[in-house]
Amino acid sequence: MMQQRPVIAILTANVLVGVGLRSILEKAAPAADVELFGNFQEFAEADPERFIHYFVTAQLFAAHNAFFRARSHRTIVLANGQTPAGVHCIDVQTDEERFVRSLMRLQHSVRRPEHALPVQPQAAQPLTEREAEVLTLIAGGLINKQVADRLGIGLTTVISHRRNIMEKLGIRTAAGLVVYALAAGYVDPDGM
Numbered sequence: 002m003m004q005q006r007p008v009i010a011i012l013t014a015n016v017l018v019g020v021g022l023r024s025i026l027e028k029a030a031p032a033a034d035v036e037l038f039g040n041f042q043e044f045a046e047a048d049p050e051r052f053i054h055y056f057v058t059a060q061l062f063a064a065h066n067a068f069f070r071a072r073s074h075r076t077i078v079l080a081n082g083q084t085p086a087g088v089h090c091i092d093v094q095t096d097e098e099r100f101v102r103s104l105m106r107l108q109h110s111v112r113r114p115e116h117a118l119p120v121q122p123q124a125a126q127p128l129t130e131r132e133a134e135v136l137t138l139i140a141g142g143l144i145n146k147q148v149a150d151r152l153g154i155g156l157t158t159v160i161s162h163r164r165n166i167m168e169k170l171g172i173r174t175a176a177g178l179v180v181y182a183l184a185a186g187y188v189d190p191d192g193m
């Protein structure tokens, strides 16, 4: 019997927030499928117990508090400043890299493996020691020029390493590199 892929639910009435979050989650957890719901009724009809996580806006969380609090280990509230006590929250008023770092900090803090997001698969080709150094610095928020200065190498060399890393990993964005670096243990999410 073939094992099914884990599924993550996003509950938001804001289509742009939903589509943007789905894009980020597809990068952060490529081993999972992501489904988007515009309201609680659609979500309830889709068999909620099959989802490993629920990313839900604060408004929908408040409206269906009993349901989500009973499943707090699966629930992540998409907050705009004010956060409900006793649940995992991520601030949606931030840039993609910070959002990904917050997501990875949550990932790092889970107590039980079944509550973790499905992680990024390992690279088909291993990174060289220098590529790993470059990846670590990029994931730490440094731009190419800062990486070059820190490592004492040329800017074009950094750009070449970055291109090679992205090709080896099949990643196209800086946020994707951050996700990979955090998931693969190149950087500690608590130190970011």
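Mapped onto my numbering, the consecutive letters of the sequence shown carry residue numbers 2 to 193.
Glycine included, every Cβ here is placed at the ideal spot set by N, Cα and C.
Predicted model, so just to flag it, every value in this text is computed and none were measured.
- Out of 164, 157, 103, the CA that lies nearest to the CA of residue 133 is found in 164.
- The shortest C-alpha to C-alpha distance from residue 12 to any of 45, 176, 97 is the one to 45.
- Where residue 61 is concerned, there is no enclosing beta strand (DSSP E), although the alpha helix (DSSP H) around it starts and stops at 59-64.
- In the structure shown, the three-state DSSP call for residue 181 is helix.
- In this model, residue 10 and residue 90 are separated by some 15 Å (Cα to Cα).
- When the five nearest sequence neighbours on each side are left out, the beta carbons in the same chain lying within less than 6 Å of the beta carbon of residue 55 are those of 10, 75, 76, in order along the chain.
- Looking at 24, 168, 71, the one whose alpha-carbon comes closest to that of residue 35 is 24.
- As the crow flies, the alpha-carbon of residue 166 is around 38 Å from that of residue 50.
- For residue 77, the enclosing beta strand (DSSP E) covers residues 76-80.
- Secondary structure at residue 140: helix, using DSSP grouped into helix, strand and coil.
- Distance from the CA atom of residue 145 to the CA atom of residue 161, rounded to whole angstroms, is 10 Å.
- Within a 10 Å sphere around the beta-carbon of residue 58 sit 16 or more other beta-carbons, which makes this residue buried.
- Secondary structure of residue 10 (DSSP, three-state): strand.
- Judged by beta-carbon spacing, residue 180 lies beyond the 7 Å limit of residue 33, meaning their Cβ atoms are not closer than that value.
- Buried is the label assigned to residue 182, since at least 16 other Cβ atoms lie within 10 Å of its Cβ.
- Under the DSSP assignment, residue 36 falls outside any alpha helix (DSSP H), being part of the beta strand (DSSP E) whose first and last residues are 34-38.
- In the DSSP annotation of this structure, the continuous segment of the beta strand (DSSP E) that includes residue 92 starts and ends at 89-92.
- For residue 166, the secondary structure class from DSSP, reduced to helix, strand or coil, is helix.
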